[in-house]
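In what follows, a structure is listed as structure tokens, so that the remarks can point back to it.
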Amino acid sequence: MSMPVSKALFCGLFLCGAAGANTIILTGLHTSLGLQQSLYFDEDGVSSQAYWVGGIDIKVDNFSRLVFCVDLFTDINLSTYRTQLDFSDTPQLKQVGWLLQTQLPLITTKVGGAALQLAIWDIVADKGDGFAPGKGRVTQSTDGTHPTDPAVLATAISLETLSQGMSSNFGVVYHNFTTSNGTVVQTLMGSTVNDGGPQPTTPEISPALLMLSGIGLILIGTWCRNSGTIEPHAERPDLRCEELAGDPRR
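Written as structure tokens, this is what we have:
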């Protein structure tokens, strides 16, 4: 690949990532929907006391929203990050999206919020296989002195059971990275909200794929011109406008 094309490819990929990014600020713990330093469960077979299990308050471009953590094993702090918004697009995220769309509005207690977070972690880490000891990365506590809160555990199991086989494409996923060097941090999820703020869009062609396709067509065209294998008036397939101008993936 020539140097100009390589440079264009790098710059294009960088701009595709930056163009869809918004500012996200983790403003605090949503204390009415979660438990702080009081819930024990096993992480990879080790009984742990979680600092926070529940909802988190954020602002995205100054619009206030409620989210939950997706990955138990990735950290994030109450700070400012860049974020790219997407709709739930994997089986596990779609299952979580269903919970956020249908069950979160019904949850009004600390126990319920903690149970929802615990269920999300198990769905993402273990495909929602339950919390029996030794069954996956997220299980109930095996420390007899500090068992998992039975009310939280029972509610988490109930939420997982309800969500089995359920799916929603409209959970909002926040892919976050630091403002300083782009280090990836915890992914967050919330329900779809109509607050006038940033929203993901349903993608037909991602910006990176669109850009790479364009570069590919240019390279093919250059090769064909150089090789002389295509006549000046040879037919080429038409490209519909909507195929090229689909909503970009954030």
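If you count the sequence shown from 1, you need to add 3 to reach this note's numbering.
Glycine residues also receive a C-beta, built at the ideal position from the N, C-alpha and C atoms.
Query	Result
Excluding the 5 residues preceding and the 5 following T112 in the sequence, name in chain order all residues of the same chain whose CB lies nearer than 7 Å to its CB.	none
Can you tell me whether K130 is buried or exposed, with buried defined as 16 or more other CB within 10 angstroms of its CB?	exposed
With 16 other CB atoms within 10 Å as the buried threshold, where does L109 fall?	exposed
Under the assumption that R140 contacts A122 (Cβ atoms under 8 Å), give the Cβ distance between them as a whole number of angstroms.	Actually they are not in contact, since the Cβ atoms of R140 and A122 sit about 14 Å apart, beyond 8 Å.
Can you tell me whether L156 is buried or exposed, with buried defined as 16 or more other CB within 10 angstroms of its CB?	buried
Contact defined as beta carbons within less than 8 Å: I believe T195 pairs with V175. What is the distance between those atoms, to the nearest angstrom?	6 Å
Going by other Cβ atoms of all chains shown within 10 Å of its Cβ, with 16 needed for buried, is Q143 buried or exposed?	buried
Below 8 Å, how does it come out for the segment 96 to 106 and the segment 184 to 202: are there three or more Cβ pairs, yes or no?	yes
Give me whichever residues DSSP pairs with E46 in a beta bridge.	V49, V141
From G31 to L107, what does the alpha carbon distance come to, in whole angstroms?	18 Å
Measure the alpha-carbon distance for F180 versus V187 and round it to whole angstroms.	4 Å
Tell me the rounded alpha-carbon separation between G200 and Q87.	13 Å
Ordered along the chain, which non-local residues of its own chain (more than five positions away) have a Cβ less than 8 Å from that of Q189?	C72, V73, D74, T77, D78, I79, N179
Answer yes or no: do H149 and S50 have a C-beta to C-beta separation smaller than 8 Å?	yes
Enumerate in chain order the residues of its own chain whose CB-to-CB distance from V114 is below 8 Å, with the five nearest sequence positions on each side excluded.	L38, D152, A154, V155, T158
May I have a chain-ordered list of the beta strand (DSSP E) segments no shorter than 3 residues that lie completely inside the segment 152 to 193?	175 to 181, 191 to 193
Per DSSP, which one or two residues make a beta bridge with N25?	T86
Ignore the nearest five residues each way along the sequence and tell me which others in D60's own chain have a CB closer than 6 Å to its CB.	T30, G31, H33
Name the DSSP beta bridge partners of W55, please?	Q39
Could you give the distance in angstroms between the alpha-carbon of L42 and the alpha-carbon of W124?	14 Å
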